[in-house]
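**Student:**
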DNA sequence: TCTAACTTGTGAATGATTTCACAAGCACCC
DNA sequence: GGGTGCTTGTGAAATCATTCACAAGTTAGA
């Protein structure tokens with residue numbers, strides 16, 4: 187398969203959002219123009235994005251909402267439920283563990299880890315915070331391939347090493363640190379301060 | 187000024203991180219290759235990024251850590267402190283308000299808003315949750331030009347309208363919803379479910 | 001059956017970003 | 001002072017992503 191751009195994948199996720207909403211409101215078909223309006227892009231872009239994966243529409247008519255929804259779910263790998271573990275039971279970890287946006291979209295938080303003895307054993311909902319040392323031994327039980335790092339920056343690398351060793355294949359890193367991982371592990375960074383700095387730059391250099 | 191790519195600005199922020207760390211550990215000069223290693227890019231990319239703004243290095247020697255740090259701070263608009271308001275005192279809003287990564291980098295949370303009467307008036311640290319209705323009347327006091335939306339998706343658009351009206355010029359949107367704003371307002375989205383879906387896609391389509 | 005109004009899928013063109021490659025500057029040492 | 005080893009800054013080339021533009025398919029209505 188040809189390599190697909192990151193930007194394309196992001197847009198596919200957005201299209202899927204809109205399709206789900208359209209489906210719930212009973213809409214039967216949808217055009218690339220409609221999808222474009224929602225994803226803040228152009229109809230040509232929508233069609234190009236989809237064309238990497240096949241042809242899903244009918245000329246003159248548009249796309250079947252139900253069929254395209256299901257195709258996109260398949261493309262994005264969302265037909266299965268993904269077990270996810272979170273490392274770091276601080277403010278951000280807690281918020282993420284209880285965030286419905288994950289559950290609702292097929293990502294189920296199956297375990298939360300921390301290294302602080304005062305946190306280990308405490309419960310939220312049905313989850314008990316576990317000792318980070320049991321990461322490896324839990325692997326067979328949790329079967330998670332995706333992990334979220336929500337620790338302070340200083341611990342991020344150690345946690346990443348741990349995760350890679352426990353067989354995790356993809357990491358969503360919220361810690362403000364660049365982490366190094368073996369090539370079979372995928373990392374995506376979410377760095378909130380970076381986003382704010384982008385806004386600061388734009389506001390500062392707006393007048394041209 | 188020529189338009190600068192988003193990707194360039196992100197990398198500048200990363201370089202700045204590394205420079206600050208290098209400065210603290212007493213390093214005097216640094217080469218584009220060093221910066222590249224940290225930012226997961228190439229030395230040519232680093233030099234090109236910087237070249238949009240001037241020439242900061244000395245051939246044969248590299249960059250002065252102190253000078254480049256200060257230049258990047260200036261470019262990114264980080265010499266001033268930015269007052270920031272947060273709308274939404276739920277899990278995510280709370281976590282963000284107390285997140286040191288913001289304070290530490292020149293973004294000071296000066297107010298938190300919600301519309302739930304049970305939350306209004308509660309305190310965290312030195313911040314009291316305010317009624318969202320007082321957004322406009324507070325504007326002169328807070329002087330914030332940047333706002334963070336941390337509400338459920340359903341309220342995001344209404345909040346954005348409110349913010350635009352109160353004179354906010356840049357929005358960091360954590361709500362999983364696309365918001366529409368007037369052209370003088372800048373929006374950047376952070377959508378955590380989207381990031382996970384990107385990982386799901388990559389894991390699913392890895393074997394080519 | 002014919003026409004009009006839409007809409008897709010896709011090569012080709014354009015635009016943006018990254019990488020290459022190298023002249024030129026600087027420091028150090030003999 | 002001249003040679004050696006680094007490193008920057010930057011046009012040019014290559015790669016990657018988006019937009020254009022249009023043939024071809026579909027529906028609906030007369």
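Protein chains in written order, with our numbering: chain A, 187 to 394; chain D, 187 to 394. Here a beta-carbon is modelled for each residue, glycine too, at the ideal position from N, C-alpha and C. Note that the coordinates shown come from a computational prediction; the quantities given were computed from them, not determined experimentally.
Which class does residue 355(A) belong to by DSSP, given the choice of helix, strand or coil?
**Tutor:** coil
**Student:** Pick out the complete alpha helix (DSSP H) segments inside the region 253-284 of chain D, 4 residues or longer, and give them in chain order.
**Tutor:** 277-283
**Student:** Suppose you measure from the CA of residue 351(D) to the CA of residue 322(D); what does that come to, to the nearest Å?
**Tutor:** 7 Å
**Student:** In chain D, which residues lie less than 7 Å from residue 374(A) when you measure between Cβ atoms?
**Tutor:** 381, 384 and 385
**Student:** Using 8 Å for Cβ pairs, my map puts residue 201(A) next to residue 258(A). What's the rounded Cβ distance?
**Tutor:** Contact holds; Cβ gap of about 6 Å.
**Student:** How would you list, in chain order, the residues of chain D whose beta-carbon sits under 7 Å from the beta-carbon of residue 287(A)?
**Tutor:** What residue 287(A) touches in chain D: 362, 378 and 379.
**Student:** Bridge partners for residue 293(D) per DSSP, in chain order?
**Tutor:** 268(D)
**Student:** Is residue 313(D) helix, strand or coil when you go by DSSP?
**Tutor:** Strand at residue 313(D).
**Student:** Considering residue 248(A), what are the terminal residues of the beta strand (DSSP E) in which it resides?
**Tutor:** 248-250
**Student:** What separation, rounded to the nearest whole angstrom, lies between the Cα atoms of residue 265(A) and residue 292(A)?
**Tutor:** 8 Å
**Student:** Which bits of chain D does residue 329(A) rub up against, with CB to CB less than 9 Å?
**Tutor:** The contacting residues do not exist; residue 329(A) stays about 13 Å from chain D at best.
**Student:** Taking Cβ-Cβ distances shorter than 9 Å, what residues in chain D pair up with residue 244(A)?
**Tutor:** Those do not exist, as residue 244(A) stays about 25 Å from chain D at its closest Cβ, beyond 9 Å.
**Student:** Taking only beta-carbon atoms, is residue 277(A) less than 8 Å away from chain D?
**Tutor:** Cβ-Cβ to chain D under 8 Å: yes for residue 277(A).
**Student:** Taking 7 Å as the cut-off, does the CB of residue 383(D) come closer than this to any heavy atom belonging to the ligand COA?
**Tutor:** In terms of ligand content, the structure shown is empty, and the ligand COA therefore cannot be addressed.
**Student:** Skipping 5 residues on each side, what residues in its chain have a beta carbon closer than 6 Å to that of residue 237(A)?
**Tutor:** none
**Student:** Count the C-beta pairs between the region 355-363 of chain A and the region 383-391 of chain A that are closer than 8 Å, then say yes if the count reaches three, no if not.
**Tutor:** no
**Student:** Which residues mark the beginning and the end of the beta strand (DSSP E) in which residue 333(D) is found?
**Tutor:** Counting along the chain, the beta strand (DSSP E) containing residue 333(D) begins and ends at 332-335.
**Student:** Within 10 Å of its beta-carbon, does residue 213(A) have 16 or more other beta-carbons around it, so buried, or fewer, so exposed?
**Tutor:** exposed
**Student:** Could you give the DSSP three-state label for residue 216(A): helix, strand or coil?
**Tutor:** strand
**Student:** Specify, as a first and last residue, the run of the alpha helix (DSSP H) that residue 196(D) falls within.
**Tutor:** 192-210
**Student:** Tell me the residue span of the alpha helix (DSSP H) that contains residue 133(D).
**Tutor:** Missing from the structure shown is residue 133(D); chain D here goes from 187 to 394 and no further.
**Student:** Which of helix, strand or coil does DSSP assign to residue 384(D)?
**Tutor:** helix
**Student:** Could you name the residues of chain A that residue 294(D) contacts, counting a contact when the two beta carbons are closer than 7 Å?
**Tutor:** Those do not exist, as residue 294(D) stays about 11 Å from chain A at its closest Cβ, beyond 7 Å.
**Student:** I need the straight-line Cα distance from residue 332(A) to residue 294(D), nearest angstrom please.
**Tutor:** 33 Å
**Student:** When the Cα of residue 328(A) is compared with those of 354(A), 381(A), 209(A) and 289(A), which residue comes out closest?
**Tutor:** 354(A)
**Student:** Which chain A residues sit within Cβ distance under 8 Å of residue 192(D)?
**Tutor:** Chain-ordered, the chain A residues with CB closer than 8 Å to the CB of residue 192(D) read 384.
**Student:** Applying the criterion that 16 or more other CB atoms from any shown protein chain within 10 Å of the CB defines a buried residue, is residue 346(D) buried or exposed?
**Tutor:** buried
**Student:** Taking DSSP as the reference, what is the three-state secondary structure of residue 302(D)?
**Tutor:** coil
**Student:** Which of the residues in the region 251-275 of chain D, read from start to end, lie with their CB under 8 Å from any CB of chain A?
**Tutor:** 261, 262, 263, 264, 268 and 270
**Student:** Between which two residues does the alpha helix (DSSP H) holding residue 322(D) run?
**Tutor:** 321-328
**Student:** Check whether the Cβ atoms of residue 381(A) and residue 376(D) sit closer than 8 Å, and answer yes or no.
**Tutor:** yes
**Student:** Round the Cβ separation of residue 335(A) and residue 342(A) to the nearest angstrom and send it over; I've been treating them as touching at under 8 Å.
**Tutor:** 6 Å
**Student:** Relative to the C-alpha of residue 276(D), which residue among 272(A), 286(A), 275(A) and 271(A) is closest?
**Tutor:** 286(A)
**Student:** Strictly below 7 Å CB to CB, what residues from chain D border residue 195(A)?
**Tutor:** Residues of chain D passing the Cβ test: 384 and 387.
**Student:** What does residue 332(A) touch in chain D if you count any residue whose Cβ is under 8 Å from its own?
**Tutor:** 382, 385, 386 and 389
**Student:** In this structure, does DSSP put residue 346(D) in helix, strand or coil?
**Tutor:** Three-state DSSP puts residue 346(D) in a helix.
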